[in-house]
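Per my numbering, the sequence shown starts with residue -19, numbered consecutively. For every residue, glycine included, the Cβ atom is placed at its ideal position computed from N, Cα and C. For clarity, every value in this text was computed on a predicted model and none was experimentally measured.
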Amino acid sequence: MRRPQLGSRLDQAHRDFLAHVDGWRSFFQAVDVFGTKDLVAGTKHARAVVLLESLGDTRPLCGAKSAELLPFAASSIDIDVFAIGRSESEQPGVVYWFAGGLVEQFPSFEEWFLAMNDYNREEYEALRALS
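See the structure below:
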């Protein structure tokens, strides 16, 4: 049986991440970062593709066509989807956070990862202040 292929080369930081952590469930709220299998197939991948397609033409939102984007993380309960510019795109390695529109854009996978950790820290501090 032939395994599905990604069709492009992953950003080096993304590859390094997957070499250490092959996916991360609930990395940020209900957002799962996909493992290698989820990048090309499966229910997480299918959900992310539907969320990305629901945006229609993404070029006005972020400057990149939907076909140039690889979804790599998505919420299991909400409309958040994260996609990275494919290696052959006009903006390779740029990460986009969509939730009905463009929420935020990050220059690289590393910057996205650091920013999401900052968001997690902020949520922790807010919850800690309630107790």
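Proximity of residue i and residue j at Cβ, strictly below 8 Å
{"i": "Ala95", "j": "Ser55", "result": "no"}
{"i": "Gln71", "j": "Gly43", "result": "yes"}
{"i": "Asp(-9)", "j": "Phe78", "result": "no"}
{"i": "Val75", "j": "Phe62", "result": "yes"}
{"i": "Gly19", "j": "His25", "result": "Residue identity differs from the one stated: residue 19 is Leu in this sequence, not Gly. Cβ distance < 8 Å, so Leu19 and His25 count as in contact."}
{"i": "Phe14", "j": "Ala47", "result": "no"}
{"i": "Leu41", "j": "Leu82", "result": "yes"}
{"i": "Phe7", "j": "Tyr99", "result": "no"}
{"i": "Glu5", "j": "Asp(-4)", "result": "What sits at residue 5 in the sequence shown is Arg, not Glu. No, the pair does not count as a contact, with Cβ atoms beyond the cut-off."}
Alpha carbon of residue i to alpha carbon of residue j, nearest angstrom
{"i": "Asp60", "j": "Gly3", "result": "17 Å"}
{"i": "Val92", "j": "Phe86", "result": "In the sequence as presented, Val is not what sits at residue 92; that position holds Trp. Roughly 6 Å between the two C-alpha positions."}
{"i": "Leu110", "j": "Ser69", "result": "44 Å"}
{"i": "Arg108", "j": "Glu102", "result": "10 Å"}
{"i": "Ile57", "j": "Ser(-12)", "result": "28 Å"}
{"i": "Glu33", "j": "Lys45", "result": "11 Å"}
{"i": "Thr16", "j": "His0", "result": "11 Å"}
{"i": "Glu105", "j": "Gly22", "result": "35 Å"}
{"i": "Glu84", "j": "Arg27", "result": "20 Å"}
{"i": "Ile64", "j": "Gly80", "result": "17 Å"}
{"i": "Val29", "j": "Ala(-7)", "result": "22 Å"}
8 Å contact criterion, which residue i and residue j should meet: CB distance rounded
{"i": "Leu50", "j": "Arg66", "result": "5 Å"}
Per DSSP, cross-strand counterpart(s) of residue i
{"i": "Glu84", "result": "Trp77"}
{"i": "Phe8", "result": "Val11"}
{"i": "Phe(-3)", "result": "DSSP output for Phe(-3) lists no bridge partner at all."}
{"i": "Gly65", "result": "Leu49"}
{"i": "Ala54", "result": "Asp12, Val61"}
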